[in-house]
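2 protein chains.
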Amino acid sequence: GRPPTPPAPVPAPPPASARGGSWAAVQRERGRLVALVTSGGTQVPLEARAVRFLENFSSGRRGAASAERLVRAGYGVCFLHRARSAFPWARALPPPGPALLDALRVQPGPSVAADPDALPGLVPALLGYQRAKEAGALLPLEFTSLTEYLALLRAAARALAPFGSSVMFYLAAAVSDFYIPASEMPEHKIQSSEGPLQVMHFLLGTGPYSVPCWISLAKSVIWSEIWLLDLMC
Amino acid sequence: GRPPTPPAPVPAPPPASARGGSWAAVQRERGRLVALVTSGGTQVPLEARAVRFLENFSSGRRGAASAERLVRAGYGVCFLHRARSAFPWARALPPPGPALLDALRVQPGPSVAADPDALPGLVPALLGYQRAKEAGALLPLEFTSLTEYLALLRAAARALAPFGSSVMFYLAAAVSDFYIPASEMPEHKIQSSEGPLQVMHFLLGTGPYSVPCWISLAKSVIWSEIWLLDLMC
């Protein structure tokens with residue numbers, strides 16, 4: 001017999017800047033206005049091999065609901081969100097715990113059906129999601145750390161530069177105004193046996209992310225965090 | 001016509017100690033061994049009206065998988081877990097985002113069915129969950145903050161005291177070894193305009209939670225966090 005054929009290598013997904021660029025080109029072809037919506041909270045690691053994190057909490061419900069409404073109003077929406085925070089149209093589903101397990105029923109076959117009484121908003125939500133997906137109106141990008149958030153925000157803003165001042169920036173994410181530079185970060189878990197933990201945070205704005213001029217180019221900037229005021233140049 | 005009848009007040013759920021006590025009585029009647037499994041990470045607020053939190057990250061997958069296996073092996077499991085961390089049998093479902101929306105299909109009716117190719121483990125997971133639920137073998141209790149975790153751990157351990165040394169403590173949660181006493185906590189959001197943020201953490205073990213003797217009564221204690229060694233008396 002023949003030797004087994006090795007599986008074809010899975011191509012890596014294109015970086016966010018490339019995905020943002022091709023998505024933006026589609027929005028322009030279709031004559032859509034575009035919005036960049038940020039949502040959810042950032043995470044700042046306290047150690048290089050991190051066990052502990054500083055979190056700015058946000059469920060992401062406001063950002064996810066706003067993204068849905070903007071798509072319904074005809075916008076193309078780049079949705080820059082914290083991994084596992086609220087997602088447009090998925091707000092109709094409870095988190096993967098008892099409420100979701102109780103709402104799913106095993107039927108003869110066997111197959112699984114959703115209980116319409118437990119999930120009354122699910123059908124319209126799925127139809128809304130499918131319409132947005134088929135229209136290519138939503139570009140979801142995920143961040144977890146503050147560093148990822150800032151890098152993606154810059155990449156997305158640059159990809160949307162061809163729209164000029166017609167882009168809407170809707171910055172609903174809860175963004176840390178503190179971070180620990182890599183050079184100051186302890187390598188391993190801070191040991192409690194060494195006594196009380198003293199964590200020094202550094203002001204954002206003194207580091208490499210101090211001057212995001214590209215944000216000030218936008219026509220509409222809606223922010224929920226004071227720090228952006230300081231950062232606009 | 002008659003005046004509208006006011007809706008009956010919804011009774012508050014019984015506190016964890018009462019739920020734990022009646023659940024433990026059922027396990028004893030049925031001759032089950034019991035295990036207390038903790039899972040997920042704790043949250044420590046940095047302000048009284050908190051915007052920022054110190055998080056010990058844990059997905060909770062190990063604790064959730066262990067709870068499933070223990071129930072399958074005949075144990076009654078008290079599952080003390082971080083809200084929205086991995087939940088037994090719900091590991092077969094992706095988080096409520098694009099992967100879950102893509103796996104749910106609107107069918108004529110309309111109704112919603114799960115795509116068996118996208119969610120191959122869902123049917124056995126739902127059957128396992130339903131068996132555990134009907135048998136009353138799983139008691140899920142949720143925590144978010146470190147304070148809630150410790151209070152629930154104590155209440156659950158006390159509810160399981162009638163089992164004596166046959167209880168298994170399986171402490172898979174990622175628990176902070178630092179907390180900020182309420183008396184030392186700033187009331188409002190710490191302002192970044194006041195300069196670099198300096199956060200002083202206090203060693204757990206000097207506060208009200210220093211001597212949980214009830215843990216040392218258990219026959220099997222499996223821990224994943226060093227701090228418990230210090231706390232056992």
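Chains as they are written, first to last, in my numbering: chain A, 1 to 233; chain B, 1 to 233. The beta-carbon is built from N, C-alpha and C at its ideal position, and this holds for glycine as well. Please read all numbers here as calculations on a predicted model, not as lab measurements.
Using beta carbons (cut-off 8 Å, strictly below), is A:Val51 in contact with chain B?
The residue you call residue 51 of chain A lines up with position 51 of the first sequence. Chain B, which has a Cβ nearer than 8 Å to the Cβ of A:Val51, makes this yes.
Coil, strand or helix - B:Leu101 by DSSP
Here residue 101 of chain B refers to the residue found at position 101 of the second sequence. B:Leu101: helix per DSSP, three-state reduction.
Compute the Euclidean distance between the alpha carbons of B:Pro162 and A:Ala118, then round it to the nearest angstrom.
Residue 162 of chain B sits at position 162 when you count from the first residue of the second sequence. Residue 118 of chain A sits at position 118 when you count from the first residue of the first sequence. Those two C-alpha atoms are separated by around 37 Å.
What residue range does the alpha helix (DSSP H) around A:Ser239 cover?
Residue 239 of chain A cannot be examined here, being either before or after the span of chain A that is shown, 1 to 233.
Taking a Cβ distance cut-off of 7 Å, strictly less, list which residues of the stretch 83 to 96 of chain B are near chain A, in chain order.
Arg84, Phe87, Trp89, Ala90, Leu93, Pro95 and Pro96
Determine the direct distance from the alpha carbon of B:Gly76 to that of B:Ser165, and round the result to whole angstroms.
For the purposes of this step, residue 165 of chain B is taken as residue 165 along the second sequence, with counting starting at 1. For the purposes of this step, residue 76 of chain B is taken as residue 76 along the second sequence, with counting starting at 1. So the two alpha carbons sit approximately 15 Å from each other.
Against chain A, does B:Tyr149 count as a neighbour if the rule is that its beta carbon must be under 8 Å from one of theirs?
For this step, residue 149 of chain B is matched to residue 149 along the second sequence. Chain A, which has no Cβ nearer than 8 Å to the Cβ of B:Tyr149, makes this no.
Where B:Ser17 sits in the DSSP three-state scheme
Position 17 of the second sequence holds residue 17 of chain B. Looking at B:Ser17 - three-state DSSP - the assignment turns out to be helix.
Identity of the residues DSSP links to B:Gly76 by a beta bridge
Working through the second sequence from its first residue, we reach residue 76 of chain B at position 76. B:Gly76 is bridged to B:Val34.
Check distances from the C-beta atoms of the stretch 52 to 77 of chain A to those of chain B and list, in chain order, the residues that come in under 7 Å.
Arg52, Phe53, Leu54, Glu55, Asn56 and Phe57
Got a sec? Which residues, its chain only, sit under 6 Å from A:Thr42 by beta carbon, not counting five neighbours each side?
Numbered from 1 along the first sequence, position 42 holds the residue referred to as residue 42 of chain A. Around A:Thr42: Asn56, Leu146, Tyr149, Val175 and Ser176.
Please list, in chain order, the chain A residues whose beta carbon lies closer than 7 Å to that of B:Pro116.
Taking the first residue of the second sequence as position 1, residue 116 of chain B is located at position 116. Correct list: Ser111.
Is the stretch 36 to 50 of chain B touching the stretch 29 to 38 of chain A, taking contact as three or more C-beta pairs under 8 Å?
no
Cβ neighbours of B:Leu139 in the same chain (closer than 6 Å, five flanking residues each side left out):
By 1-based counting over the second sequence, the position of residue 139 of chain B is 139. Only Trp23 and Cys78 meet the Cβ criterion.
A:Pro88: CB within 7 Å of a non-hydrogen atom of the ligand MG
Absence of the ligand MG is noted for the structure shown, with no ligands found whatsoever.
Give the residues of chain A in contact with B:Tyr129, contact being defined as C-beta atoms less than 7 Å apart.
Here residue 129 of chain B is taken as the residue at index 129 of the second sequence, counted from 1. Leu101, listed in chain order.
Tell me A:Arg28's beta-bridge partners as DSSP assigns them.
Here residue 28 of chain A refers to the residue found at position 28 when the first sequence is read from its first residue. Paired residue(s): none; A:Arg28 is not in a bridge.
For the pair the stretch 62 to 73 of chain B and the stretch 58 to 69 of chain A, tell me if three or more CB-CB distances fall below 8 Å.
no
Stretch pair the stretch 150 to 157 of chain B + the stretch 108 to 123 of chain B: three plus CB contacts closer than 8 Å:
no
Quick check: the Cα distance between A:Phe169 and B:Leu141, rounded to an integer number of angstroms?
If you number the first sequence from 1, residue 169 of chain A lands on position 169. If you number the second sequence from 1, residue 141 of chain B lands on position 141. Cα-Cα distance, rounded: 40 Å.
Listed from N- to C-terminal order along the chain, which residues in the stretch 130 to 143 of chain A have their beta-carbon within a distance smaller than 7 Å of any beta-carbon of chain B?
Pro140
Assuming A:Ala64 and A:Pro98 make a contact with CB atoms under 8 Å, what is their CB distance in whole Å?
As a first step, residue 64 of chain A must be located in the first sequence, where it is residue number 64. As a first step, residue 98 of chain A must be located in the first sequence, where it is residue number 98. Not really, about 22 Å apart at Cβ, beyond 8 Å.
For A:Ala132 versus A:Leu80, is the C-beta distance shorter than 8 Å?
Counting from one through the first sequence, the residue named residue 132 of chain A turns up at place 132. Counting from one through the first sequence, the residue named residue 80 of chain A turns up at place 80. Result no, Cβ atoms of A:Ala132 and A:Leu80 do not sit closer than 8 Å.
Helix, strand or coil for B:Pro45, going by three-state DSSP, please let me know.
The count along the second sequence starts at 1 and reaches residue 45 of chain B at position 45. Of the three classes helix, strand and coil, the one that applies to B:Pro45 here is strand, per DSSP.
A:Pro116 (DSSP reduced to helix, strand or coil):
Here residue 116 of chain A corresponds to residue number 116 of the first sequence, with the count starting at 1. In this structure, A:Pro116 counts as coil in the three-state DSSP scheme.
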